[in-house]
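Student: Chains as they are written, first to last, in the numbering used here: chain L, 1 to 49; chain E, 50 to 259.
Where a beta carbon is used, it is the ideal one built from N, C-alpha and C, also for glycine.
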Amino acid sequence: MSSGEKYLAAAYLVFLGALLAYVVIISAKLARIERELGELAELARERHG
Amino acid sequence: MLFTGIALALLWAPEDADQGPSQRIFYLHVPIALTAYAGFAWGAWKALRLLWTGDSRYDLESYTGVHMGTIFGTLTLVTGSIWAKTSWGVWWNWGERQLVLFLVLFLFYGAYFMLRYSLADGPARARISAVYALFGVVLIPISFLAIRLAENFIHPVVFTREGPQMDGSMFFTFCVCLAGMLLLAGALYRNELTGKRLDARLRELREALA
């Protein structure tokens, strides 16, 4: 692999890595929202019934 | 569409005779940079709408637009540095006006977050953040046109008044990559905005149940 090809691979891998990291962060956020919604639903059920 | 563009860039577009394989970074770096500009401009547009109408929902939209611009701005600097290292032999060149002005734009919007989080949540924070986001948009055309105003530059100028200075297949690949990048940014924007709105609703619900 030539030097130019190594830098080319690095640039595309940085982009794909950042995209993957973003997807992981969003997934974690969605999981947190789902958990908090469950807790609030439980709290609402306790209050009203 | 973005993955089609990447495939075209890596497998189909002809290799540049001067730069060799590293020129293919162009298909990634330039669409990312243009998407960063679009993110900042979108954030500023929403800021203007907030100041014009007073509707608070534009605050979150402006913030998310600036956030997208900052993410793509970071990627612009990283991919640009990699390309600079292979083409010019240096990671950064302080003598290049376009690079420095892009960095100034990036840092300006980086400071947006510091300003925003140093203020208490409410209409005042929304207005101050909107004014700041709107000021930053002035830097976008300056940053974009800087290379055309510079006299001695090594940063390449591909899009001139005579049109794109590249082969038709290269231009087609670039357009596919740009469309894909803008669509990706749009999808991420919507996703993030939905998440932030859900967070706000959850906060309201928690307060109501407390």
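(1) From the DSSP output, in three-state form, read off E/G171 for me.
(2) Are the CB atoms of E/S218 and E/P63 within a distance shorter than 8 angstroms?
(3) Enumerate in chain order the residues of its own chain whose CB-to-CB distance from E/F221 is below 8 angstroms, with the five nearest sequence positions on each side excluded.
(4) Under 7 angstroms Cβ-Cβ, which residues of chain L neighbour E/D108?
(5) Please report whether the beta-carbon of L/R35 lies at a distance below 8 angstroms from any beta-carbon of chain E.
(6) Within this structure, are the beta carbons of E/L97 and E/L188 separated by less than 8 angstroms?
(7) Under a three-way DSSP split, which group does E/D104 fall into?
(8) For E/G144, which of helix, strand or coil comes out of DSSP?
(9) Listing by chain order, which chain L residues have their CB less than 8 angstroms from the CB of E/L124?
(10) Going along the chain, which residues of its own chain have a beta-carbon closer than 8 angstroms to the beta-carbon of L/A9, five neighbours each way excluded?
(11) Quick one: grab the DSSP three-state call for E/D65.
(12) Drop a sphere of 10 angstroms on the beta-carbon of E/Y107, count the other beta-carbons inside from all chains shown, and report buried for 16 or more, exposed for fewer.
(13) Over what stretch of residues does the alpha helix (DSSP H) that includes E/R73 continue unbroken?
(14) Is the separation between the beta-carbon of E/S192 and that of E/L227 shorter than 8 angstroms?
(15) What whole-angstrom Cβ distance do E/V115 and E/G144 have, given they're in contact under 8 angstroms?
(16) Among E/A259, E/L258, E/R246, E/E256, whose alpha-carbon lies nearest the alpha-carbon of E/S105?
(17) Given that E/L254 touches chain L, what residues does it touch there, using C-beta distances under 7 angstroms?
Tutor: In terms of the structure at hand:
(1) coil
(2) yes
(3) L57
(4) Going along chain L, no residue has its Cβ under 7 angstroms from E/D108, so there is no contact; the nearest lies around 19 angstroms.
(5) no
(6) no
(7) coil
(8) coil
(9) V14, F15, A18
(10) M1
(11) strand
(12) buried
(13) Neither: E/R73 is in no alpha helix (DSSP H) and is coded neither H nor E.
(14) no
(15) With a Cβ gap of about 29 angstroms, E/V115 and E/G144 do not count as contacting.
(16) E/R246
(17) L40
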